[in-house]
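Undergrad: Dropping the structure in here first, questions after.
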Amino acid sequence: MSDPHPTHSILSDFSIIPRPLGKSVCARCGLTSTTPTPEHEAAFGDDYSLYDHAPGQAYEAARQSGYAMWLANAFDTPSAIFEAGAGNGSLLLALRGAWPDVEARGVEAAAPAVARARDAGVAIEHGFLKASAVPRRSGSLAFAINVIEHTLDPIAFVRDLATHGDSVAIVCPDGDAAGSELLFADHLFSIGRSHMRAFVTAAGLRVEAQVSAPDGLGAFFMTIATRGEGGAVAPNESEAARAFDAKDAYLRSWSDLDGTLAQRLPSGARVACFGAGEAAGLLRAYAPATWSRIRFCTMDSPPLSRFGDKPVKPYAPELAIDALVLATRPSVQAAIGRRVEGDGMRAIRYDDVIAF
Numbered sequence: 010m011s012d013p014h015p016t017h018s019i020l021s022d023f024s025i026i027p028r029p030l031g032k033s034v035c036a037r038c039g040l041t042s043t044t045p046t047p048e049h050e051a052a053f054g055d056d057y058s059l060y061d062h063a064p065g066q067a068y069e070a071a072r073q074s075g076y077a078m079w080l081a082n083a084f085d086t087p088s089a090i091f092e093a094g095a096g097n098g099s100l101l102l103a104l105r106g107a108w109p110d111v112e113a114r115g116v117e118a119a120a121p122a123v124a125r126a127r128d129a130g131v132a133i134e135h136g137f138l139k140a141s142a143v144p145r146r147s148g149s150l151a152f153a154i155n156v157i158e159h160t161l162d163p164i165a166f167v168r169d170l171a172t173h174g175d176s177v178a179i180v181c182p183d184g185d186a187a188g189s190e191l192l193f194a195d196h197l198f199s200i201g202r203s204h205m206r207a208f209v210t211a212a213g214l215r216v217e218a219q220v221s222a223p224d225g226l227g228a229f230f231m232t233i234a235t236r237g238e239g240g241a242v243a244p245n246e247s248e249a250a251r252a253f254d255a256k257d258a259y260l261r262s263w264s265d266l267d268g269t270l271a272q273r274l275p276s277g278a279r280v281a282c283f284g285a286g287e288a289a290g291l292l293r294a295y296a297p298a299t300w301s302r303i304r305f306c307t308m309d310s311p312p313l314s315r316f317g318d319k320p321v322k323p324y325a326p327e328l329a330i331d332a333l334v335l336a337t338r339p340s341v342q343a344a345i346g347r348r349v350e351g352d353g354m355r356a357i358r359y360d361d362v363i364a365f
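Per our numbering, residue 10 is the first one in the sequence shown, and the count goes up by one each step.
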C-alpha cells in the first residue's frame, strides 16, 4: 500500500522513526499488517512515553472513565480483574468506581508507566503478557484495551490473556474501516471483527459477543470470549479487495496532505496549530512542510507545555496569529473552525480530504 511519507513514520507515543510505514493487506482475508523490526519490543521500553505521567490528567481520566463504564455495563461484578497493557494504571483506577472491592492487577511493558502506576497504588507487574502460572479464579475477568494490535502474535496473546481470567474482553481499533490507526508503525495489525473471531477461535475460545464502542470513545469494538470451541471463520476475498482500495486511498490522502495545506495556508501568514494530541502528532509526522510553518500549538487548558518541538499555549482570541491549522478530529473541525474565525483568525481545515 501507499506510504504517507517516503522516509519515516510515527509510533503511538507520537515519536517519529526513520522508516516508512510499510503496510500491506492480505488478499485473502483483508487483514492489514506491517512487518515488525527487531526493535519492535524495545519500542515499549524506557523511551516509550505515552503513559509516562501520573494518572489523573483531565482528558485521560474522562476517556478511561468511558472505557470503565463500557466494561462495567458489559459484565457483572467480577471476582478479580487483570489488565494486559495497563499503562500508568489509569483504567484500573477508573474501574474502582464501578467495582470498588474487586482485586485489580495488571502487566505493562513500558517501565516508566509501571513506575507511575505503582506510585498511584496500582499493582502492575513490569513485562510483557505471559500465561499465568496460577489457576484462574472463577468469575474473574481479563481484558486488554488497544494492545492486541501491537503484538507480534495475536493468537498467542489471546491464549495467554485467557489464562488470567474466566472471561476475556479485548478492545481494539476497528480495522474494518480506513482510519487513523493505520498510520502508526507499532500497530502491527489492523484487526476487523472477522479477524478477531478467527484469533479467538484459534486460541481455543468461543466468541460470546462483539460490540461497538460508545460514540464518545471512537471507532473501536470489544470482543467478549469465554472457554469453549467456536466455529471456523472463512475469509471473504471480496471484502479483502474493498479493504485494500479504501485503505490505500486513505494513506494516499495523507501523503498528499502537505500539498493540500500548502494551497490553503496564506503566504507569509503567522501560523499556529489548534491541538496537541494525536492529530497534531500525525500532522507533524506526515505533513512536515506544514509543521515547519507552525510557531506553536494552542488548546484550551493545555496539560503540557510542549508538544514535540513546539511550545503549547492556552488558546485565547488575542493570539498574534493569522491562521490556525486545526489539528483535531475531522468530526469537530467545523465547530472549532467557526469558533476560531469568530475570534478573527483564519481556520485551516482538512476534514474534506481526510476522515479519521
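Just so it is clear, CB atoms sit at the ideal spot from N, CA and C, and this is done for glycine as well.
May I ask you to report which of helix, strand or coil DSSP gives Arg125?
TA: Numbered from its first residue, the sequence shown carries residue 125 at position 116. Arg125: helix per DSSP, three-state reduction.
Undergrad: Assuming Val177 is part of the beta strand (DSSP E), what are its boundary residues?
TA: As a position in the sequence shown, residue 177 is number 168, starting the count at 1. It spans 176-182 - the beta strand (DSSP E) in which Val177 sits, taken as one unbroken run.
Undergrad: Per DSSP, which one or two residues make a beta bridge with Lys32?
TA: Within the sequence shown, numbered from 1, the residue matching residue 32 stands at position 23. Beta-bridge pairing links Lys32 to Thr43.
Undergrad: Going along the chain, which residues of its own chain have a beta-carbon closer than 8 Å to the beta-carbon of Phe229, five neighbours each way excluded?
TA: For the purposes of this step, residue 229 is identified with residue 220 of the sequence shown, where counting begins at 1. Closer than 8 Å at Cβ, skipping near neighbours: Asn155, Val180, Cys181, Pro182, Asp183, Ser221, Ala222.
Undergrad: Can you tell me which of Ala343, Ala118, Arg146 puts its alpha carbon nearest to the alpha carbon of Phe283?
TA: As a position in the sequence shown, residue 283 is number 274, starting the count at 1. If we check each option's Cα against that of Phe283, Ala343 comes out closest.
Undergrad: Leu191 and Lys32 look like a contact to me (Cβ under 8 Å); what is the Cβ gap, rounded to whole Å?
TA: Position 182 of the sequence shown, counted from the first residue, corresponds to residue 191. Position 23 of the sequence shown, counted from the first residue, corresponds to residue 32. Sure, about 6 Å apart at Cβ, within 8 Å.
Undergrad: By the three-class DSSP mapping on this structure, what secondary structure does Val209 have?
TA: Here residue 209 corresponds to residue number 200 of the sequence shown, with the count starting at 1. In this structure, Val209 counts as helix in the three-state DSSP scheme.
Undergrad: What are the start and end residues of the beta strand (DSSP E) that includes Ile90?
TA: For the purposes of this step, residue 90 is taken as residue 81 along the sequence shown, with counting starting at 1. Counting along the chain, the beta strand (DSSP E) containing Ile90 begins and ends at 89-93.
Undergrad: Closer than 7 Å by C-beta to Arg279: which residues in its own chain qualify, once you throw out the five before and the five after it? Chain order, please.
TA: On the sequence shown, residue 279 is found 270 positions in, with the first residue counted as 1. If we look at Arg279 and ignore the five residues flanking it on each side, its Cβ neighbours are Arg304, Ala329, Ile330, Asp331.
Undergrad: Going by beta carbon distance, what residues of the same chain come within less than 8 Å of Pro311, once the five residues before and after it are set aside?
TA: Residue numbering aside, residue 311 sits at position 302 when the sequence shown is read from its first letter. Same-chain partners within the cutoff: Ala285, Val321, Lys322, Pro323.
Undergrad: Examine the Cβ distances between the segment 78-95 and the segment 134-150 and report whether three or more of them are shorter than 8 Å.
TA: Output reads yes: the segment 134-150 touches the segment 78-95.
Undergrad: Name the two residues that bound the continuous beta strand (DSSP E) containing Arg114.
TA: The count along the sequence shown starts at 1 and reaches residue 114 at position 105. 112-117 is the span of the beta strand (DSSP E), which, as asked, contains Arg114.
Undergrad: Between Arg251, Gly98, Ile357, His17, which lies nearest to Ala186 when the distance is taken from Cα to Cα?
TA: Along the sequence shown, read from residue 1 onward, the residue named residue 186 stands at position 177. Checked all of Arg251, Gly98, Ile357, His17; the closest Cα to Ala186 is Arg251.
Undergrad: Is Leu291 helix, strand or coil when you go by DSSP?
TA: The sequence position of residue 291 within the sequence shown is 282, counting from 1. Helix, per DSSP.
Undergrad: What does the alpha-carbon distance come out to for the pair Pro15 and Tyr295?
TA: As a working note, residue 15 is residue 6 in the sequence shown. As a working note, residue 295 is residue 286 in the sequence shown. Spanning the two alpha carbons is a distance of roughly 9 Å.
Undergrad: Would the segment 92-111 count as touching the segment 120-136 if we require 3 or more Cβ pairs under 8 Å?
TA: The segment 92-111, when compared against the segment 120-136, does touch it at the 8 Å Cβ threshold.
Undergrad: So Ile233 packs on Ala218, CB below 8 Å; how close in whole Å?
TA: Your numbering for residue 233 matches position 224 in the sequence shown. Your numbering for residue 218 matches position 209 in the sequence shown. Contact holds; Cβ gap of about 5 Å.
Undergrad: Please report how far the alpha carbon of Ala255 lies from the alpha carbon of Ser262, in whole angstroms.
TA: In the sequence shown, the residue the question calls residue 255 occupies position 246. In the sequence shown, the residue the question calls residue 262 occupies position 253. Computed Cα separation, rounded: 11 Å.
Undergrad: Leaving out the 5 sequence neighbours to the left and right, which residues in its chain are closer than 7 Å to Ala212 when beta-carbon positions are compared?
TA: On the sequence shown, position 203 is the one that residue 212 refers to. The answer, listed in chain order, is Ile164, Val167, Arg168, Ala171.
Undergrad: Report the CB separation of Val116 from Leu138 in whole angstroms; it is logged as a contact under 8 Å.
TA: Residue 116 sits at position 107 when you count from the first residue of the sequence shown. Residue 138 sits at position 129 when you count from the first residue of the sequence shown. That pair is a contact at about 6 Å.
Undergrad: Check each candidate in Leu313, Gly290, Gly351, Ala298 and name the one with the smallest Cα separation from Ala336.
TA: The residue labelled residue 336 in the question sits at position 327 within the sequence shown. Nearest C-alpha to Ala336: Gly290.
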